[in-house]
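Undergrad:
Protein chains: 2
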Amino acid sequence: MAEQKLTIVKIGGNIINNEPDLIRVLDDFSKITTPKVLIHGGGKKASALIRQMGQQPKMIEGRRITDAFTLDIVTMVYAGLINKKIVALLQSKGCNALGMTGADLNTIQSHKRPVKDIDYGFVGDIDKIHSDNIQILLQAKFTPVFCAITHDQSGQLLNTNADSIASYLAGGMSHLFSVDLRLCFEKKGVLENPDDENSVIPKINYDTFQKLKKSGIISEGMVPKIEGAFHALKNGVKNVYISGIESLKPGKQQKGTRLCL
Amino acid sequence: MAEQKLTIVKIGGNIINNEPDLIRVLDDFSKITTPKVLIHGGGKKASALIRQMGQQPKMIEGRRITDAFTLDIVTMVYAGLINKKIVALLQSKGCNALGMTGADLNTIQSHKRPVKDIDYGFVGDIDKIHSDNIQILLQAKFTPVFCAITHDQSGQLLNTNADSIASYLAGGMSHLFSVDLRLCFEKKGVLENPDDENSVIPKINYDTFQKLKKSGIISEGMVPKIEGAFHALKNGVKNVYISGIESLKPGKQQKGTRLCL
Numbered sequence: 000m001a002e003q004k005l006t007i008v009k010i011g012g013n014i015i016n017n018e019p020d021l022i023r024v025l026d027d028f029s030k031i032t033t034p035k036v037l038i039h040g041g042g043k044k045a046s047a048l049i050r051q052m053g054q055q056p057k058m059i060e061g062r063r064i065t066d067a068f069t070l071d072i073v074t075m076v077y078a079g080l081i082n083k084k085i086v087a088l089l090q091s092k093g094c095n096a097l098g099m100t101g102a103d104l105n106t107i108q109s110h111k112r113p114v115k116d117i118d119y120g121f122v123g124d125i126d127k128i129h130s131d132n133i134q135i136l137l138q139a140k141f142t143p144v145f146c147a148i149t150h151d152q153s154g155q156l157l158n159t160n161a162d163s164i165a166s167y168l169a170g171g172m173s174h175l176f177s178v179d180l181r182l183c184f185e186k187k188g189v190l191e192n193p194d195d196e197n198s199v200i201p202k203i204n205y206d207t208f209q210k211l212k213k214s215g216i217i218s219e220g221m222v223p224k225i226e227g228a229f230h231a232l233k234n235g236v237k238n239v240y241i242s243g244i245e246s247l248k249p250g251k252q253q254k255g256t257r258l259c260l
Numbered sequence: 000m001a002e003q004k005l006t007i008v009k010i011g012g013n014i015i016n017n018e019p020d021l022i023r024v025l026d027d028f029s030k031i032t033t034p035k036v037l038i039h040g041g042g043k044k045a046s047a048l049i050r051q052m053g054q055q056p057k058m059i060e061g062r063r064i065t066d067a068f069t070l071d072i073v074t075m076v077y078a079g080l081i082n083k084k085i086v087a088l089l090q091s092k093g094c095n096a097l098g099m100t101g102a103d104l105n106t107i108q109s110h111k112r113p114v115k116d117i118d119y120g121f122v123g124d125i126d127k128i129h130s131d132n133i134q135i136l137l138q139a140k141f142t143p144v145f146c147a148i149t150h151d152q153s154g155q156l157l158n159t160n161a162d163s164i165a166s167y168l169a170g171g172m173s174h175l176f177s178v179d180l181r182l183c184f185e186k187k188g189v190l191e192n193p194d195d196e197n198s199v200i201p202k203i204n205y206d207t208f209q210k211l212k213k214s215g216i217i218s219e220g221m222v223p224k225i226e227g228a229f230h231a232l233k234n235g236v237k238n239v240y241i242s243g244i245e246s247l248k249p250g251k252q253q254k255g256t257r258l259c260l
């Protein structure tokens, strides 16, 4: 069961910001021969647009506060500008891409994050992946390209972390496919020494993760990223790698950091 | 052959601008029981955003000049803000909507309009509808929702008239379906007297169209709209109506202006 392979690739905001990197990664992605899904982060453009409109981006501890104005901005930038640019580029490379939010085909359902200490505004925490509709697309040899917007199925769009989308999506598809999840970012993997690009930790299991967290080697944004990845593994995802964009190259040996339970 | 009905509805910018109208029309659209496609215009938001960013919208004879900056804006507003808002609203009404540009699944291929007297910039004239991919979506009971953006299959997005998309799409699907095309706008149909909302001309054939054009009763934006509609009829579309949003109501008798060859 679940023998067919599905490759899910998430590319981070810093790759989006760097056009030559983006084109290279899309070129490699388009050559992946298994069914595949791309998820992309937002990049700096949303904050730049907010500033161009005379406002200040609202961030608390590195996380965006999404008021109604900001939701409109991220919907425009993520689902419009970035998503459609990626789709057009992939189509030019022969990859039959379909740009989506979680609202499209009700693929990713979430709820507005409840207000505790901080009111994050229109931010969605994922409840459910509707894998049946995604499977229909994959069976037709279409390549879904998701941006970081979901919905609550009551008409409300919600800003949602792209790493979370990647992990939930991978987990949600794992009863249908043997899923490889690749979280690609600007570094080659999880680094033992942040100043040494070549100090990639080849393998992290849940125990080592706890130790690396305690010692401060894994910190900040890397913590939820890896927690999400473990969530995916617990939900049946076969392989999870945190790696640089070079790892997508066909036949490439360097795979970044592999996570295992 | 081509016995299954397909309803293609285009809603204009003035409906988009009016939120209660938009919600009402989406409510009626979601109740259409045949396979269906929605195409939406842009509304005033793109020009408003251009102004908010300290620039002036560039128009010649009522048509937008789409430089690189403006293309980014319309991609954000049409494919992001408006398209995803419509998708989320339709999903809340139980309609399994999928928001798209012509780049998605390479559904609508166009070429950049050649420069003659006027350089319209990144504006696309449609070459081809890829009906096979749209048919796969319809067979899965998905409802495509197109905004007015296409691509040239070489990585370039292009701003494209929504009426043209509706007419070409209707024509392009007519070998597979018996297509009804409904071009909905803020008036009840083509008016004999622009000051009398109830002077709807019930039926226009190609000869009457030429006469109405000469007499000035049909002018400006209505001319290309109707020309596109005749193009659709010539390409096998079964019925074309130009009508108000009320005409979408289930069981409604008032159908606006019917076009016939």
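These protein sequence lines map, in sequence, to chains A and B.
Numbered as in numbering that gives the first Met the number 0, the first sequence ends at 260 without a single skipped number.
Numbered as in numbering that gives the first Met the number 0, the second sequence ends at 260 without a single skipped number.
Cβ coordinates follow ideal geometry from the N, Cα and C atoms, glycine included.
K4 of chain A: which of A:L182, A:I107, A:S177, A:K186 sits nearest, CA to CA?
TA: Taking the first sequence and counting its residues from 1, one reaches residue 4 of chain A at position 5. Per the Cα distances, A:S177.
Undergrad: Just reading off the alpha helix (DSSP H) that V86 of chain B is part of, what are its end residues?
TA: Walking along the second sequence from the start, residue 86 of chain B turns up at place 87. Where V86 of chain B is concerned, the enclosing alpha helix (DSSP H) stretches over 82-91.
Undergrad: Tell me the DSSP bridge mates of M99 of chain A?
TA: By one-based count along the first sequence, residue 99 of chain A stands at place 100. M99 of chain A pairs with A:F145.
Undergrad: Output yes or no for whether 9 angstroms exceeds the beta carbon distance between T65 of chain B and V36 of chain B.
TA: Translated into the one-based positions of the second sequence, residue 65 of chain B becomes position 66. Translated into the one-based positions of the second sequence, residue 36 of chain B becomes position 37. Contact flag unset, no.
Undergrad: With burial defined as no fewer than 16 other Cβ atoms inside 10 Å of the residue's Cβ, what is the status of F68 of chain B: buried or exposed?
TA: Start at 1 with the first residue of the second sequence, and residue 68 of chain B comes out as number 69. Answer is exposed; the Cβ neighbour count stays below 16.
Undergrad: Please name the residue, chosen from A:K9, A:I117, A:N16, that lies closest to G61 of chain A on a Cα-to-Cα basis.
TA: The residue you call residue 61 of chain A lines up with position 62 of the first sequence. Checked all of A:K9, A:I117, A:N16; the closest Cα to G61 of chain A is A:I117.
Undergrad: Please report the residue range of the beta strand (DSSP E) in which L260 of chain A lies.
TA: Sequence index remark: in the first sequence, residue 260 of chain A carries index 261 (1-based). Element bounds for L260 of chain A: n/a, residue is neither H nor E.
Undergrad: Can you confirm whether N234 of chain B, when its beta carbon is compared against all beta carbons of chain A, has any partner nearer than 9 angstroms?
TA: In the second sequence, counting from the first residue as 1, residue 234 of chain B sits at position 235. Not closer than 9 angstroms to any Cβ of chain A, the Cβ of N234 of chain B fails to qualify, so no.
Undergrad: Buried or exposed for R181 of chain B, going by 16 or more other Cβ atoms inside 10 Å?
TA: In the second sequence, residue 181 of chain B corresponds to position 182, counting from 1. Buried is the call here.
Undergrad: Of all the residues that make up the segment 103-122 of chain B, which are near chain A by a beta-carbon distance shorter than 8 angstroms?
TA: Per Cβ criterion, the list reads D103, L104, N105.
Undergrad: Using a C-beta to C-beta distance shorter than 8 angstroms, which residues of chain B count as neighbours of N95 of chain A?
TA: Locating residue 95 of chain A in the first sequence gives position 96, where the first residue counts as 1. The contacting residues are L104, N105, N132.
Undergrad: Would a check of beta-carbon distances place M75 of chain A closer than 9 angstroms to chain B?
TA: As a first step, residue 75 of chain A is located in the first sequence; it is residue number 76 there, counting from the start. So, interface residue.
Undergrad: Is the Cβ-Cβ distance between I241 of chain B and V189 of chain B less than 9 angstroms?
TA: On the second sequence, residue 241 of chain B is found 242 positions in, with the first residue counted as 1. On the second sequence, residue 189 of chain B is found 190 positions in, with the first residue counted as 1. Going by C-beta atoms, I241 of chain B is nearer than 9 angstroms to V189 of chain B.
Undergrad: For R257 of chain B and N238 of chain B, which I take to be in contact (beta-carbon distance under 8 angstroms), what is that distance rounded to the nearest angstrom?
TA: Walking along the second sequence from the start, residue 257 of chain B turns up at place 258. Walking along the second sequence from the start, residue 238 of chain B turns up at place 239. Indeed they touch by this definition, with Cβ atoms about 7 angstroms apart.
Undergrad: Cα-Cα, which of B:K30, B:F184, B:E226, B:Q54 is closest to C94 of chain B?
TA: Here the question's residue 94 of chain B lines up with position 95 in the second sequence. Of the listed residues, the one whose Cα sits closest to C94 of chain B is B:K30.
Undergrad: Answer with yes or no whether the minimum CB distance from L80 of chain A to chain B is below 9 angstroms.
TA: Residue numbering aside, residue 80 of chain A sits at position 81 when the first sequence is read from its first letter. For L80 of chain A, the answer is yes, since a Cβ of chain B falls inside 9 angstroms of its Cβ.
Undergrad: For G154 of chain B, return the contacting residues in chain A, with the cut-off set at a CB-CB distance below 7 angstroms.
TA: The residue given as residue 154 of chain B occupies position 155 in the second sequence. Result: A87, L88, S91.
Undergrad: Any idea which residues DSSP pairs Q108 of chain B with across the strands?
TA: By 1-based counting over the second sequence, the position of residue 108 of chain B is 109. According to DSSP, Q108 of chain B bridges with B:K127, B:H150.
Undergrad: With H, G and I counted as helix, E and B as strand and the rest as coil, what does DSSP make of F68 of chain A?
TA: As a first step, residue 68 of chain A must be located in the first sequence, where it is residue number 69. Three-state result, F68 of chain A: helix.
Undergrad: Does the beta-carbon of H150 of chain B have 16 or more other beta-carbons within 10 angstroms, so that it is buried, or is it exposed?
TA: Counted from its first residue, the second sequence places residue 150 of chain B at position 151. H150 of chain B is buried by the Cβ-count criterion.
Undergrad: Express the C-alpha separation of A161 of chain A and V24 of chain A in angstroms, rounding to a whole number.
TA: Here residue 24 of chain A refers to the residue found at position 25 when the first sequence is read from its first residue. Here residue 161 of chain A refers to the residue found at position 162 when the first sequence is read from its first residue. If I take the Cα positions, the gap works out to 17 angstroms.
Undergrad: From A:V73, A:K212, A:I203, A:G42, pick the residue whose C-alpha is nearest to that of L260 of chain A; which is it?
TA: On the first sequence, residue 260 of chain A is found 261 positions in, with the first residue counted as 1. The option with the nearest alpha carbon to L260 of chain A is A:I203.
Undergrad: Following the continuous beta strand (DSSP E) through F229 of chain A, name the residue where it begins and the one where it ends.
TA: As a position in the first sequence, residue 229 of chain A is number 230, starting the count at 1. Unbroken run through F229 of chain A is the alpha helix (DSSP H), 221-233; no beta strand (DSSP E).
Undergrad: For the candidate residues A:D195, A:L232, A:N82, whose alpha-carbon lies nearest to that of G171 of chain A?
TA: Position 172 of the first sequence holds residue 171 of chain A. Among A:D195, A:L232, A:N82, the Cα nearest to that of G171 of chain A belongs to A:L232.
Undergrad: Taking the alpha-carbon positions, what's the P34 of chain A to L136 of chain A distance?
TA: Locating residue 34 of chain A in the first sequence gives position 35, where the first residue counts as 1. Locating residue 136 of chain A in the first sequence gives position 137, where the first residue counts as 1. Looking at the two C-alpha atoms, the distance is approximately 10 angstroms.
Undergrad: Taking C-alpha atoms, which residue in B:I14, B:S109, B:D26, B:G11 lies nearest to G154 of chain A?
TA: As a first step, residue 154 of chain A is located in the first sequence; it is residue number 155 there, counting from the start. Considering only alpha carbons, the answer is B:D26.
Undergrad: What is the DSSP secondary structure of L175 of chain B, reduced to helix, strand or coil?
TA: Within the second sequence, residue 175 of chain B is the residue found at index 176, counting from 1. In this structure, L175 of chain B counts as coil in the three-state DSSP scheme.
Undergrad: Below 8 angstroms on the Cβ atoms is my contact criterion, and I expect P143 of chain B with I133 of chain B to pass it. Report the Cβ-Cβ distance as a whole number of Å.
TA: Locating residue 143 of chain B in the second sequence gives position 144, where the first residue counts as 1. Locating residue 133 of chain B in the second sequence gives position 134, where the first residue counts as 1. With 8 angstroms as the limit, P143 of chain B and I133 of chain B qualify as a contact, their Cβ atoms being about 6 angstroms apart.
Undergrad: Could you give the DSSP three-state label for M75 of chain B: helix, strand or coil?
TA: By one-based count along the second sequence, residue 75 of chain B stands at place 76. Looking at M75 of chain B - three-state DSSP - the assignment turns out to be helix.
Undergrad: Please classify M75 of chain A as buried or exposed, where buried requires at least 16 neighbouring CB atoms within 10 angstroms.
TA: For the purposes of this step, residue 75 of chain A is identified with residue 76 of the first sequence, where counting begins at 1. Counting Cβ neighbours within 10 Å, M75 of chain A comes out buried, since at least 16 surround it.
Undergrad: Compile a chain-ordered list of the residues in the segment 134-146 of chain B whose CB is closer than 8 angstroms to at least one CB of chain A.
TA: Within the segment 134-146 of chain B, the residues whose Cβ lies closer than 8 angstroms to some Cβ of chain A are I135, A139, F141, listed in chain order.
Undergrad: Could you please tell me which residues of the segment 39-57 of chain A, in chain order, have their CB closer than 9 angstroms to any CB of chain B?
TA: Correct list: L48, Q51, M52, G53.
Undergrad: Across which residues does DSSP place C94 of chain A in a beta bridge pair?
TA: Your numbering for residue 94 of chain A matches position 95 in the first sequence. DSSP, once it has assigned bridges, lists no residue as partnering C94 of chain A.
Undergrad: Using the beta-carbon of each residue, which ones in chain D are nearer than 7 angstroms to K127 of chain B?
TA: Of the chains in the structure shown, none is chain D; the protein chains are A and B.
Undergrad: By a C-beta neighbour count over all protein chains shown, 10 Å radius and 16 as the cutoff for buried, is D71 of chain B buried or exposed?
TA: The residue given as residue 71 of chain B occupies position 72 in the second sequence. D71 of chain B should be labelled buried.
Undergrad: Going by DSSP in three states, Y240 of chain A sits in which element: helix, strand or coil?
TA: The residue you call residue 240 of chain A lines up with position 241 of the first sequence. Residue state, collapsed to three classes: strand.
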